[in-house]
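Novice:
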Amino acid sequence: MPANFLTARHNASFDLTESGLFTLAPQTMQVVRALKRDVRLRAFFPSGRNAQAADLLRRYADLSRHLRYELIDPDQEPDTAQKYGVTA
């Protein structure tokens, strides 16, 4: 049970690619951690193509309690996509 408690409270990810392809830049981490106001990101992706975006946004949100994100499928929510001028 203690191991489950630790993993539930501490989310970690590791980039094992040789080039560090999925590693957040130190500058990005610094900016996100320094947020003093709430920031909300809206990302528009069709449902079958949002896995990488969801992972990236989750890693950003893990860095700051001020960052929240929302994934929106423009095919499922065309009115929302139109409201924000998303066409493709």
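Those letters in the sequence shown? Residues -10 to 77, by the working numbering.
Note that CB positions come from ideal geometry on N, CA and C, so glycine has one too.
Starting from the C-beta of Val28, find all residues in its chain whose C-beta is less than 7 Å away, skip the five residues before and the five after it, and write them out in chain order.
Specialist: Within the same chain, Val28 has close Cβ partners His55, Leu56.
Novice: Going straight from the alpha carbon of Asp44 to that of Lys72, what length do you get?
Specialist: Their backbone Cα atoms lie some 25 Å apart in a straight line.
Novice: Do the stretch 34 to 44 and the stretch 13 to 21 meet, that is, are 3 or more Cβ pairs less than 8 Å apart?
Specialist: Counting Cβ pairs under 8 Å, fewer than three are found: no touch.
Novice: Please state the DSSP three-state secondary structure of Tyr58.
Specialist: In the structure shown, Tyr58 sits in a strand (DSSP, three-state: E or B).
Novice: Contact check, Tyr49 vs Ala32 under 8 Å by CB: the rounded distance?
Specialist: Rounded, the Cβ-Cβ distance is 11 Å, inconsistent with contact.
Novice: Hey, Ala42 and Leu60: beta-carbon distance below 9 Å or not?
Specialist: Contact: yes.
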